[in-house]
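Take a look at the structure below.
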Amino acid sequence: MTTPRITIAVDIGGTFTDLEFRDAVSGRSHSLKSPTTPDNPARGLTDAIEQAGARFGFANDDIALILHGTTIATNAVLTRDLPAGALITTEGFEDVLEIGRHARGDIYALKGPDRSVLIPRRHRFGASGRIGAGGEEVRAIDFDALDAVIERVAASGVMATAICLLNAFANPAHEIAIRDRLLARCPDMAVSCSHEVSPEIREFERTATTVLNALLVPVIARYVDALRLRLAEAGIGAPLYLIQSNGGAIGLDAAVKTPVKLLLSGPSGGVLAAQKLARRLDTPDVVGVDMGGTSYDVAVVSGGVRSVVTQGEIDGLPVRVPMVEMHTIGAGGGSIAFVDPSGRLQVGPRSAGAVPGPVCYGRGGTEPTVTDVNLILGRLDAATFLGGRFALDLDGARSALRDRIETPLALDPDHAASGILAVVNAKLAASIKFSLFAKGLDPRDFALMSFGGAGGLHAVEVAEELGITRVIFPRDPSTFSAHGILFSDIRHDLSRTEILPLLPESADALAAMAAELSAQGTALLDADGMAAGRRRLILTADLRYAGQAFELTIPLPDGHITAGTLAEMRRRFEEEHRQRFSFDDPEEEAELVTLRLTAVGVLGDGGDAAPDYATSETAVAKTRQVHVNGAWTETPVHRQLALPPGAEVAGPAIIEQEYTTMLLPAGWVLTMTPSGDMTARKDT
Numbered sequence: 028m029t030t031p032r033i034t035i036a037v038d039i040g041g042t043f044t045d046l047e048f049r050d051a052v053s054g055r056s057h058s059l060k061s062p063t064t065p066d067n068p069a070r071g072l073t074d075a076i077e078q079a080g081a082r083f084g085f086a087n088d089d090i091a092l093i094l095h096g097t098t099i100a101t102n103a104v105l106t107r108d109l110p111a112g113a114l115i116t117t118e119g120f121e122d123v124l125e126i127g128r129h130a131r132g133d134i135y136a137l138k139g140p141d142r143s144v145l146i147p148r149r150h151r152f153g154a155s156g157r158i159g160a161g162g163e164e165v166r167a168i169d170f171d172a173l174d175a176v177i178e179r180v181a182a183s184g185v186m187a188t189a190i191c192l193l194n195a196f197a198n199p200a201h202e203i204a205i206r207d208r209l210l211a212r213c214p215d216m217a218v219s220c221s222h223e224v225s226p227e228i229r230e231f232e233r234t235a236t237t238v239l240n241a242l243l244v245p246v247i248a249r250y251v252d253a254l255r256l257r258l259a260e261a262g263i264g265a266p267l268y269l270i271q272s273n274g275g276a277i278g279l280d281a282a283v284k285t286p287v288k289l290l291l292s293g294p295s296g297g298v299l300a301a302q303k304l305a306r307r308l309d310t311p312d313v314v315g316v317d318m319g320g321t322s323y324d325v326a327v328v329s330g331g332v333r334s335v336v337t338q339g340e341i342d343g344l345p346v347r348v349p350m351v352e353m354h355t356i357g358a359g360g361g362s363i364a365f366v367d368p369s370g371r372l373q374v375g376p377r378s379a380g381a382v383p384g385p386v387c388y389g390r391g392g393t394e395p396t397v398t399d400v401n402l403i404l405g406r407l408d409a410a411t412f413l414g415g416r417f418a419l420d421l422d423g424a425r426s427a428l429r430d431r432i433e434t435p436l437a438l439d440p441d442h443a444a445s446g447i448l449a450v451v452n453a454k455l456a457a458s459i460k461f462s463l464f465a466k467g468l469d470p471r472d473f474a475l476m477s478f479g480g481a482g483g484l485h486a487v488e489v490a491e492e493l494g495i496t497r498v499i500f501p502r503d504p505s506t507f508s509a510h511g512i513l514f515s516d517i518r519h520d521l522s523r524t525e526i527l528p529l530l531p532e533s534a535d536a537l538a539a540m541a542a543e544l545s546a547q548g549t550a551l552l553d554a555d556g557m558a559a560g561r562r563r564l565i566l567t568a569d570l571r572y573a574g575q576a577f578e579l580t581i582p583l584p585d586g587h588i589t590a591g592t593l594a595e596m597r598r599r600f601e602e603e604h605r606q607r608f609s610f611d612d613p614e615e616e617a618e619l620v621t622l623r624l625t626a627v628g629v630l631g632d633g634g635d636a637a638p639d640y641a642t643s644e645t646a647v648a649k650t651r652q653v654h655v656n657g658a659w660t661e662t663p664v665h666r667q668l669a670l671p672p673g674a675e676v677a678g679p680a681i682i683e684q685e686y687t688t689m690l691l692p693a694g695w696v697l698t699m700t701p702s703g704d705m706t707a708r709k710d711t
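Mapping to the numbering used here: the sequence shown position 96 is 123, numbers consecutive.
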C-alpha cells in the first residue's frame, strides 16, 4: 500500500471550482479548473478531484489531505437563503438587532437605510434572569417563565435558535442553562450560544454574530452531510478540512458548530498566497486583488504582513469573529452590464454566475457581461478559452451587447464595449483606493498583485488609473486562492473580554487569563491530534485609550507576562496608534479590553511549491486584432508556458495560459521570473 502523498486544495466559487494539489514526493504543484455545480457543490468538488487524478496520474488512495474553501455560507447570507430562526435574550433587549449602531454612512441622507434584521420581532423572546458586568448573578432565572418561552419557541416552527444574554461573555451560566432546557424540549433544534460563538463585549455585534451563526448551522450541516456522502461514494477517504475567514483550517464537526467563521473561506486563501509570493519576490508592500466570476476582493499586505481583523461586515451584517481583512465588491467576469432607469450605463453587482453564465458560454444567458465584452474586444480568444475545452459564442455576445447597451444608448459597438470596461475598471480602482486610504497608505507605494480567472485582463489598466507602476501575475493566477489554501494550517481563535488598566498591577490578572486561554487552545489541538512539535500559541490583546470606542490589536511579547510586558505592550500600542491616526497620547490611561489566543496546528511542511519553472510549450508566432489603448491593434499573442525565465514582452501584448488571459497595454514590459511568476513594469 502506497503512502498518501497528495495534498489537495479546492476553492469553490460562484462560477468555477478551482483545484490545486501538491505532490509531497516531487514537491511540485498542479492546477485544474472546472465549472461549479450550483445544484450540488459537493459534486463539483469530487468531480474536480476525479478529473485531476485522471489528468495527472494519482489515485484516491494517494490523497493525504483535502483543504476546502467554500462560498456556501457567504452565498446563503447574500441570497438570504436561511432557515427561520428565533432569538432568546435578556428581558428588555429583544430589539437590539433593530436598534443597532447609530452610525450614518450617508450624513446628508434624510432617512437612514433599512436595517437587515434576520429574525422578526415575533420570534425574539426575552428570558428572565440577569448577569452583571462583572459576571455576578444579579437576578436568578425564573424557570417557570423560561419554560413558557421555550414552548413559544417550539410552537413557532423555527429550525434554529440563538441565545445571547447580557454579559454572557463574563459568565455563561445562564446561557448554558437555557440551552440545556431548550434542547431537552427541542432536541433537533440548531442552537448557538454567544459565549461559544463570540464571547466579547458590544451587545449588538455579539447578538448579530450569534444569530447569523445559528441560522447558518442547518445550511452548513446539510453541506457537510452532502460532502461526506459524495466523498464516500467516490471512494475518497482522506481527511477534509474547511477553510475559515481567518485563513486557517477547521474540522467538519467544528465548522458545523461555528459556521459563521466560514464567511470569507475561499478569498482568505488568496491573501495567504499573496503574502507568500510577496516575500518570495522581495516585494513587501502589495495589494492583492482577486477577480473571479462574481466578485472583486481586495486585501493589503504591508511590510510582508497580512492584516487579520476581529470584526467585519457581510452584506450589511456585522460579524465579530477574526477574519482576514478584505474589501469586496460585486464586480467580476460575470457582472452584468445594463442601462438603469436614468439612462446611465452600470455594471454589477448582479452577476450571471455559473448558470446561465455570460452570454458567450451558450448556456442561456441573455444579458451582456464583462466576459462577453472582453471577448468582443478581442481580449479573449473564443477558440482557446479554458484550454480550448469551452468554445465561446462571439456572435451571441455581440447580439446581447447590441440589444441591451448599443441600441438603448445609441452607441457603436466599440464605444459600448469599451465603456463597459471603463465603468468596471473605475469600480475596481475605487475599491483599492478605499482599502489603502483607510490605512493612510498611498497606492503608488504598492505593487498590484492580480489573480483570479478574470483579473489579468483588467489589472494593468486599473494600476495605471491608480498610479501604480508594478503589477505581479502569479504563475497560476486563476487558481491562486486554491494555491494559498494548500498551505493553510489548523487555526482556533479564542478570546476573553476583561477590561484592565495597562499598569504593572494588572500583570497577574493578565497572566491568569493567558494561562486559561492557553489551556483551552491546547485542548483543542489535542482533539485535532496535533503533535507537540507542530503547535504554536499566539497571544494578542485589544488595547485602547480609556474612553475610546475602538481598539487596536497588538501582539504580546513572547515569554512570561510581567510588569515589563505591559510596558512593552503600551509602547507597541502607541506606535501603532501613531502610525494609524497620526497621534498618540502618552499621558492618557490605556487599557486592555480583550485578550486573544490563536492556537495553530501545522498541517504541512510550511514550504512553497518548487519554483523550478520551465517552458513546456513551443512558441508560435501569432497575432490577433485586440482593442487596446483605445484602438484596434494587431497584437502579439504569447503562451505563458512558452516564455522562458528572463524573457521580456513589450506591450501591447496578450499572454495566454490554460485558465486565464493577461492583457499588457502599450508602455508596459512584462518579465518572466525563474519561478514562473510574471512582473509587469511601466516603461518609463
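For every residue, glycine included, the Cβ atom is placed at its ideal position computed from N, Cα and C.
Asked                                                                                                                : Found
As assigned by DSSP and simplified to three states, the class of R708                                                : strand
Residues sharing a beta bridge with V629, DSSP                                                                       : V629 is not bridged to any residue.
Sufficient close CB pairs (3 or more, under 8 Å) joining the segment 657 to 664 to the segment 364 to 381            : no
Selected residue, minimal CA-CA separation from A383, among R49, V52, E47 and T63                                    : The identity of residue 383 in the sequence shown is Pro, whereas the question assumes Ala. Of R49, V52, E47 and T63, the residue nearest in Cα terms is T63.
Cutoff 6 Å; reference R157; Cβ partners in own chain excluding five residues on either side                          : V165 and R166
Neighbourhood of A36 by C-beta distance below 6 Å, restricted to the same chain and skipping five residues each side : E47, L94, A509, I512 and L513
Paired residues, beta bridge with L690 - DSSP                                                                        : I681
Closest by C-alpha distance to L579, when choosing among T592, Q606 and A554                                         : Q606
Cβ-based neighbour list, G392, same chain, cut-off 7 Å, excluding 5 preceding and 5 following                        : A379, P383, G384, P385 and V386
A637 (DSSP reduced to helix, strand or coil)                                                                         : Low confidence applies here, because A637 scores a pLDDT of 45, under 50, leaving its location unreliable; read the following figure in that light. DSSP places A637 in coil when its eight states are reduced to three.
Complete alpha helix (DSSP H) runs within the segment 359 to 410 (minimum length 4 residues, chain order)            : 397 to 403
Residues bridged to R666 (per DSSP)                                                                                  : E683
C-alpha distance - S712 paired with L521, whole-angstrom precision                                                   : The requested residue 712 is not part of the displayed model; the chain covers only 28 to 711.
C-alpha distance - I341 paired with A235, whole-angstrom precision                                                   : 11 Å
Supposed close pair A103, V246 - CB separation, criterion 8 Å                                                        : 5 Å
For H587, the first and last residue of its enclosing alpha helix (DSSP H)                                           : Taken as a continuous stretch (DSSP letters only), H587 belongs to no alpha helix (DSSP H), as it is neither H nor E.
Validate contact between the segment 521 to 531 and the segment 305 to 321 using beta carbons, cut 8 Å, 3 pairs      : no
Proximal residues to P714 (C-beta, below 6 Å), its chain only, five neighbours per side dropped                      : The structure shown has nothing for residue 714, since the chain only spans 28 to 711.
Three-way DSSP call (helix, strand, coil) for P435 in this model                                                     : helix
Given 8 Å, three or more beta-carbon pairs between the segment 444 to 460 and the segment 277 to 294                 : no
Spatial neighbours of A637 in its chain, beta-carbon cut-off 6 Å, leaving aside the 5 residues before and after      : Model confidence at A637 stands at a pLDDT of 45, short of 50, so the residue's coordinates are unreliable; what they give is reported in the following sentence. Here the set comprises G54 and R55.
Nearest neighbour of G673, chosen from E260, T706, R306 and T97 [CA to CA]                                           : T706
Outcome for A217 when other beta-carbon atoms lying within 10 angstroms are tallied against a minimum of 16          : buried
Exposure of H587, with buried meaning 16 or more beta-carbon neighbours within 10 Å                                  : exposed
Residue nearest to R142 in terms of C-alpha spacing, selected from S702, R561, G153 and E125                         : E125
Alpha carbon of M596 to alpha carbon of L537, nearest angstrom                                                       : 12 Å
DSSP bridge partner residues for V313 (one or two, in chain order)                                                   : V328 and A474
Residue from E491, H201 and A550 with nearest C-alpha to E118                                                        : H201
One or two residues paired with H519 in a DSSP bridge                                                                : A626
Beta-carbon gap between E394 and R347 smaller than 8 Å                                                               : no
Span of the alpha helix (DSSP H), counted from its first residue to its last, around K303                            : S292 to R307
Reference R415, options K60, D50 and V351, closest by Cα                                                             : Contrary to the premise, residue 415 reads as Gly rather than Arg in this sequence. The shortest C-alpha separation from G415 is found at K60.
Three-pair Cβ contact test at 8 Å for the segment 187 to 197 versus the segment 218 to 229                           : yes
Secondary structure of A646, DSSP reduced to three states                                                            : coil
Helix, strand or coil at Q606 [DSSP, three-state]                                                                    : helix
The segment 493 to 503 touching the segment 600 to 615, judged by at least three CB pairs closer than 8 Å            : no
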